[in-house]
Every structure is written in structure tokens, then in C-alpha cells.
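Take 1207 as the starting number for the sequence shown in the numbering used here and just add one per residue. We put the CB at the ideal spot given by N, CA and C, even for glycine. Structure first, then comments.
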Amino acid sequence: KNLYSQIIKAKTNNKKLLAILLDPDKLVLENWDLLISKINQSPASHIFIGGSLVTTTIIDELIVKIKQNCNLPIVLFPGNPSQISDKADAILFLSLISGRNPDFLIEHQVKAAPILKQTQLEIISTGYILIESGNETAVERISKTKPLDRNNLDLALATAQAGEMLGNKLIYLEAGSGAKQAVPLEMIELVSQNIEIPLLVGGGIVDLQGIQNAYHAGADLVIIGTAFENDMNFFNQ
Ligand code: 1GP
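In C-alpha cells form, the structure reads like this:
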């Protein structure tokens, strides 16, 4: 259970991290070996697993399969408590603090806690902040919450700081999977400079320059989902 301390260590050494997000609903299993070899060749430091409509059975199988051929740590990034698998290494224990839907602020977490107690998963509490991105994303639709205005940097900062003060170990600025516009760089900059805990940034990043820009603005870990899903050679650009 040392993934979080590794993230802190990377931040201290200014070593940037990269997660490939795999959505089990979208994976085409015929390409499996190729997918794993592309992940192994990529600069990814973590694999995140999550999606909106996934069942645990599929997640269990998927993680076992990945672990046979890949040594990267596997972190659950669940849409709801039904996606908990003790085959993973850790879980982002998310609270959607940009929204005001109690289900995603605390209800799912209450349901998940007794299940998590039965597992060996490392629990990493994460303040999850959804930012307006030019289109309605699945997070917005499923959580029935409004994203924060992408131009209101002060509100994003206050939300991130409240998340940190509440004891979260990470802040995740999320534009949403397949977002038209990624999280604004000025927002990443302001938030990263005014919180102590590591900052994750994802959603709508579609090229390598976008990853570098997010790092440069202050992201400690960037998440890439759709771009790699659409093109397994994404990291060979
Ligand atoms: C979604 O931040 C992740 O939760 C990744 O988004 O699919 O747009 O890369 P993309």
C-alpha cells in the first residue's frame, strides 16, 4: 500500500506521472496483446480503470489479464460502488466536490466503505472537480451535477482548497471523458500553486503537447483515455 507515497515522492522530485484510463465498456478484446504491448511501450506510470456502466466481473477479469503481462500499478477510478475490485492495487475514493448531488458527495462512499473494508485496496481519497468543457460529458449526465464555470478560476481554486482542507489526498481537475476543451491551463496553474497535495488533470487531452502543457502548468499526473482508446499509437507520435 505505497502508491500514494510514490505519488508524493514523484511530486517532490518533480517527476511527472501519466495514467492511461481503460474503460472496460469500450475495450475491444481482439486487440488485447497489442494493447498491453502498447501500454508497456508508453510512458504511462499507472493504469486507471473505470467507466459508467461496468460490472465487477468484467473488471476482475480485465485486471487479472493486465497483471499477467504488465507491471504498472492498477488504480480503480469507479463511477459507482459496483465497480470495486480487490484485484486492483488502489482506488481513487472520489467525492464529486464541484457538484451538489449528495449521492456523489457521500452516499456512494457510505455504500462503498464496508465493501472496501473487506479488500486490501489502498484507499486514496480524491476531491473530484468537474470543469465545464464545451459539451455535456458522461460525468455531468450520470452525476446530474453542473460543472464549474471554466472561466471562474477563483471558484475552482476555493473548491480545490476546500477539498484539501477536508482531508483529500489528491485533487482531480476533470473536463470529462471526450471533452471538447481540456481544463484551462490558467486554472491548472492557479490550483497547483495554491494546494500542497498532488494535482491530477484529465479529460479532452488529445495530443502529446496537451500533456506537456498540463505538466508545465503544474499537473502532477495527467490522465489519457479517449485519445489512446482511439489510437493505440498515440504515444508514438
Ligand atoms: C476521464 O479524465 C479522463 O475521466 C480522461 O478523459 O477520455 O478525454 O482522455 P479523456
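Review point. Where do the ends of the alpha helix (DSSP H) carrying Glu1392 lie?
Key: 1391-1399
Review point. When every heavy atom of the ligand 1GP is checked, does at least one fall within less than 6 Å of the C-beta of Gly1373?
Key: no
Check your understanding: Using a Cβ-Cβ cut-off of 7 Å (strictly less than) and excluding sequence neighbours within five positions of Ala1366, which residues of its own chain qualify?
Key -> Gly1333, Ile1335, Ile1377, Val1397, Ile1401
Check your understanding: With Ile1337 and Leu1379 assumed to form a contact (beta carbons below 8 Å), what rounded beta-carbon distance in angstroms separates them?
Key -> 6 Å
Check your understanding: Is Glu1395 closer than 7 Å to Ala1423 when the C-beta atoms are compared?
Key -> yes
**Study point:** Residues that Glu1380 bridges to, as DSSP identifies them
**Key:** Leu1336, Gly1408
Practice item. Look at Val1270 and Asp1231 and say whether their C-beta atoms are less than 7 Å apart. Key: no
Check your understanding: Do you know whose CA, among Gly1384, Met1393, Gly1285, lies nearest Leu1361's CA?
Key -> Met1393
**Study point:** Any non-hydrogen atom of the ligand 1GP within 6 Å of Glu1380 CB
**Key:** yes
Check your understanding: Relative to the ligand 1GP, is the shortest distance from any of its heavy atoms to the C-beta of Ser1383 smaller than 6 Å?
Key -> yes
Point to revise | Heavy atom of the ligand 1GP within 6 Å of Gly1257 beta-carbon | key: no
Check your understanding: At a cut-off of 6 Å, is Leu1327 close to the ligand 1GP when judged by its beta-carbon and the heavy atoms of the ligand?
Key -> no
Practice item. Using DSSP bridges, identify the partner residues of Val1428. Key: Leu1224, Val1407
Exercise for review: With a cut-off of 8 Å on the beta carbons, I'd call Thr1432 and Ser1383 a contact; round off their distance for me.
Suggested key: 6 Å
Practice item. Compare the beta carbon distance of Ser1349 and Asn1307 with 7 Å and say whether it is the shorter of the two. Key: yes
Practice item. Could you tell me if the beta carbon of Ile1430 falls within a distance shorter than 6 Å of some heavy atom in the ligand 1GP? Key: yes
Practice item. Provide the residue(s) that pair with Ser1301 in DSSP beta bridges, ordered along the chain. Key: Gly1333
Exercise for review: Please go through the same chain and pick out, in chain order, the residues whose beta-carbon is closer than 7 Å to the beta-carbon of Leu1363, but skip the five residues on each side of it.
Suggested key: Leu1396, Val1397, Asn1400
Check your understanding: Three-state secondary structure (DSSP) at Ala1318?
Key -> helix
Exercise for review: Could you check if Asp1295 is buried or exposed, using at least 16 other CB atoms within 10 Å of its CB as the buried criterion?
Suggested key: buried
Practice item. Could you check which residue in Gly1369, Arg1347, Lys1215 has the C-alpha nearest to that of Ala1385? Key: Arg1347
**Study point:** Candidates Asn1374, Leu1209, Met1438, of which the one nearest Leu1282 by Cα
**Key:** Leu1209
Review point. For the ligand 1GP, any of its heavy atoms closer than 6 Å to the Cβ of Leu1227?
Key: yes
Check your understanding: Would the beta-carbon of Asn1275 fall within 7 Å of that of Ile1242?
Key -> yes
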